[in-house]
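S.K.: Below are the structure tokens for one structure; questions will follow.
Numbering (my numbering), first residue to last: 677 to 1367.
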């Protein structure tokens, strides 16, 4: 095991540390605290827990660090958010210190913590009063005189800093730093696992928030109730200090409606249009695009006096999304947080965009229904299509709803819907509906989606007349700045061409459809990310065990064979050290592809953690599992992976086990295969062992 490199001041301090010989100034066994293995064993329980939340894991790490060194001043842990470049959360055992307060104060300047994260090297200061590093207000407030800080690193990425703190000067020994480093490595695994669990929960909560708002919009009876539902949903889902939704008439330069919510309880009194357009909201209305601000008090899009007010009120990060419907901006949705809160993550920004899209569609729904109440047929058709879209389970179902609903609402002789490929995924085939489908020639979408009409559709404007390329009218399926496809409609043969009213109805249906398509895509992506390991495409650990437990129950209930394989990439750390983590990631994906090629569709497999994978094989005996494992071993060993650095030889060690009557759950089966795998690694690697 490689001893971590420490900064120059730390090296000098460590070289001067007294030896544990029982002499004066030396630490006795009792003073040094418990044996490391017993304390690291307690942390291992945290690593392996599938139910520990991130705050629980962080607090447990801080507690173990306090006991392990031991530390007279306690221990603290700060997590680093590399995407947003801030310290995001933490834990502490310093008496009287609150973790949130410590993180907020460190976040403003970083100091030594930022150096440790950036350099990924330990930092030791035996005495803040005499060392080159001066203490900050936190150390002075809580009487900290010395510290040892080590980076928490996972696969080359800094996750945070772990500190041991003392209230008196202390000469930290190399063994102290090594113990703290070992604890940080354990903590990295525990933090990664907890984050996966928290990310899954957050993704589910965001999906539930979208579903709640969608259901509230369906049940709402008027525009006021619709928009207030969006505000309340955004405030609850994003823990916002304040949320504000305004609708405007840009031509008349007037504010139509204003709705507010959030923890601050802001008044919903009307605001003059000139005040509204003077800052970031006005920028969004003019630019017709999203605005993200890390701190409104420092945002140049706000007037100086307004920035001062935001700072005084403690307002920090903000997201302002346009309420866009087709080519029109109807208003804005603003979500603001306190200055001591983190900036919005990418997933949270996506949620604001989705809610603004729902709000825009809802606004137009209500306005259209109110404006066309005399046309009962159209209104009923639009409502039924809206409901059907929320109930559709797939893109194909949404296409059917749009085509048939548009044919009834216009009415039209034929309606055809086509989606374009998104994110490399081919869309379903075209759907055509209407009473005159057999009487009209096929619709040619090429001029509209790949020809001269493309830019017009991208701008949110329909194609009509001669530009419609064979159809009476072609409306864009557009969400924000993305063109998802088009819907083409023809009048019933012998009937007049479509007028402005029919065009308006078709554009409304197209906007509904585009929002439904995008919502289905977002929901599918959220669901996929919740159960999939992003690097390898395999099931993540949580979903692996969910599916494996189902197979275990089936096998035990019907007394059918069930086996498991655990395998691990041999010397994977050496591959990362020699070739770099980018090639290490390629090796992981490459091995996962080989596994995918040999297992059956009925088998359950996933990334167990790090470079380990697990496979559960229904209706498979021990011998069958051994044969499959051997086939996978040979496949990996016989074909070195080609990289820019040349061919990289890769081998794996595998363990197999079969379900036994004494096993109470699938964990016991996988643990048995895991033990066999470790025996294979101890006895030479690149082999298969059976338990």
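Even glycine gets a Cβ: it sits at the ideal position worked out from N, Cα and C.
For a test of the three-state rule: what should DSSP assign to residue 1106, helix, strand or coil?
M.R.: The answer is coil: DSSP assigns residue 1106 none of H, G, I, E or B.
S.K.: Please report the straight-line C-alpha distance between residue 942 and residue 918, rounded to a whole angstrom.
M.R.: Rounded to the nearest angstrom, the two C-alpha atoms are 7 Å apart.
S.K.: How would you label residue 1296, buried or exposed, when you count the other beta carbons within 10 angstroms and need 16 or more for buried?
M.R.: That one is buried.
S.K.: When you compare only the Cα positions, how much space is there between residue 1221 and residue 988?
M.R.: Rounded to the nearest angstrom, the two C-alpha atoms are 50 Å apart.
S.K.: Kindly provide the ranges of any beta strand (DSSP E) runs that are 3 or more residues long and lie completely inside the segment 1235-1297, ordered along the chain.
M.R.: As far as the segment 1235-1297 is concerned, its whole beta strand (DSSP E) runs of at least 3 residues are 1238-1245, 1280-1285, 1288-1294.
S.K.: Pick from 962, 1137, 750, 762: whose alpha carbon is nearest that of residue 794?
M.R.: Nearest C-alpha to residue 794: 762.
S.K.: How many angstroms separate the CA atom of residue 1215 from the CA atom of residue 755?
M.R.: Each residue's Cα considered, the two are about 26 Å apart.
S.K.: Under the three-state reduction of DSSP, which class applies to residue 900: helix, strand or coil?
M.R.: Of the three classes helix, strand and coil, the one that applies to residue 900 here is helix, per DSSP.
S.K.: Tell me the DSSP secondary structure of residue 1195 in three-state form.
M.R.: DSSP places residue 1195 in helix when its eight states are reduced to three.
S.K.: What does a CB cutoff of less than 7 Å around residue 677 pick up in its chain, not counting 5 residues either side in sequence?
M.R.: Note that residue 677 scores a pLDDT of 36, beneath 50, so its modelled location is shaky; the value from the coordinates is reported in the next line. So the list is empty, once near-sequence residues are dropped.
S.K.: Once you ignore the five residues that flank residue 792 on each side, which residues in its own chain have a CB closer than 6 Å to its CB?
M.R.: Here the set comprises 799, 825, 827, 837.
S.K.: What residue does the alpha helix (DSSP H) around residue 795 start on, and which one ends it?
M.R.: Residues 788-795.
S.K.: Below 8 Å, can you find three or more Cβ-Cβ pairs linking the segment 1233-1249 to the segment 1180-1199?
M.R.: The segment 1233-1249 is not in contact with the segment 1180-1199.
S.K.: Less than 7 Å separating the beta-carbons of residue 1312 and residue 1257?
M.R.: No.
S.K.: The alpha helix (DSSP H) with residue 933 in it runs from where to where?
M.R.: Unbroken run through residue 933 is the beta strand (DSSP E), 930-937; no alpha helix (DSSP H).
S.K.: To the nearest angstrom, report how far apart residue 1107 and residue 1247 are at their CA atoms.
M.R.: Their Cα atoms are separated by approximately 53 Å.
S.K.: So, are the CB atoms of residue 779 and residue 863 less than 7 Å apart?
M.R.: No, the pair does not count as a contact, with Cβ atoms beyond the cut-off.
S.K.: Assuming residue 1005 is part of the beta strand (DSSP E), what are its boundary residues?
M.R.: Unbroken beta strand (DSSP E) run through residue 1005: 1004-1014.
S.K.: Rounded to whole angstroms, how far is the Cβ of residue 1134 from the Cβ of residue 1159, which I believe are closer than 8 Å?
M.R.: 5 Å between Cβ atoms; contact.
S.K.: Quick check: what's the CA-CA separation for residue 1085 versus residue 1152?
M.R.: Near 17 Å, if we compare the C-alpha coordinates of residue 1152 and residue 1085.
S.K.: Verify whether the separation of the beta carbon atoms of residue 911 and residue 937 is less than 7 Å.
M.R.: In this structure, residue 937 lies closer than 7 Å to residue 911 by Cβ.
S.K.: Only counting the same chain, and skipping five residues up and downstream in sequence, which positions put a Cβ closer than 8 Å to that of residue 1361?
M.R.: Correct list, in chain order: 1246, 1247, 1327, 1329.
S.K.: Determine the direct distance from the alpha carbon of residue 1318 to that of residue 684, and round the result to whole angstroms.
M.R.: Only weak support is given to the placement of residue 684: the predicted model assigns it a pLDDT of 36, under 50, and the value that follows is read from those uncertain coordinates. Their backbone Cα atoms lie some 41 Å apart in a straight line.
S.K.: Quick one: residues in its chain with C-beta nearer than 7 Å to the C-beta of residue 735, no 5 flanking neighbours on either side, listed in chain order?
M.R.: Result list for residue 735: 767, in chain order.
S.K.: What residues are listed by DSSP as bridge partners for residue 1215?
M.R.: In DSSP, residue 1215 forms a bridge with 1208, 1282.
S.K.: Can you tell me whether residue 1352 is buried or exposed? The criterion is at least 16 other CB atoms within 10 Å of its CB, across all chains shown.
M.R.: Residue 1352 should be labelled buried.
S.K.: Who are the Cβ neighbours of residue 963 in its own chain at under 7 Å, not counting the five residues just before and after it?
M.R.: Closer than 7 Å at the Cβ level, and outside the excluded window around residue 963, lies no residue.
S.K.: Could you check if residue 629 is buried or exposed, using at least 16 other CB atoms within 10 Å of its CB as the buried criterion?
M.R.: In the structure displayed, the chain extends from 677 to 1367; residue 629 sits before or after that span and is not available.
S.K.: Please return the same chain residues whose Cβ sits closer than 7 Å to the Cβ of residue 1283, not counting the five positions on each side in sequence.
M.R.: Counting only Cβ-Cβ distances below 7 Å, and skipping sequence neighbours, we find 1209, 1212, 1214, 1216, 1217, 1289.
S.K.: Tell me whether the segment 815-824 and the segment 841-849 touch, counting them as touching only if at least three CB pairs, one residue from each stretch, are closer than 8 Å.
M.R.: Yes, the segment 815-824 touches the segment 841-849.
S.K.: Helix, strand or coil: how does DSSP classify residue 947 here?
M.R.: Of the three classes helix, strand and coil, the one that applies to residue 947 here is coil, per DSSP.
S.K.: Helix, strand or coil: which one does DSSP assign to residue 848?
M.R.: Three-state result, residue 848: coil.
S.K.: Roughly how many whole angstroms lie between the Cα atoms of residue 813 and residue 787?
M.R.: Going by the C-alpha atoms only, they are around 12 Å apart.
S.K.: Under three-state DSSP, which class holds residue 703?
M.R.: Confidence in residue 703 is poor, its pLDDT being 41 and thus under 50, which makes the residue's placement unreliable; the coordinate value appears in the next sentence. Residue 703: coil per DSSP, three-state reduction.
S.K.: Out of curiosity, what's the CA-to-CA distance linking residue 952 and residue 932?
M.R.: Their backbone Cα atoms lie some 12 Å apart in a straight line.
S.K.: Between the beta-carbon of residue 992 and the beta-carbon of residue 967, is there less than 7 Å?
M.R.: No, the Cβ-Cβ distance between residue 992 and residue 967 is not below 7 Å.
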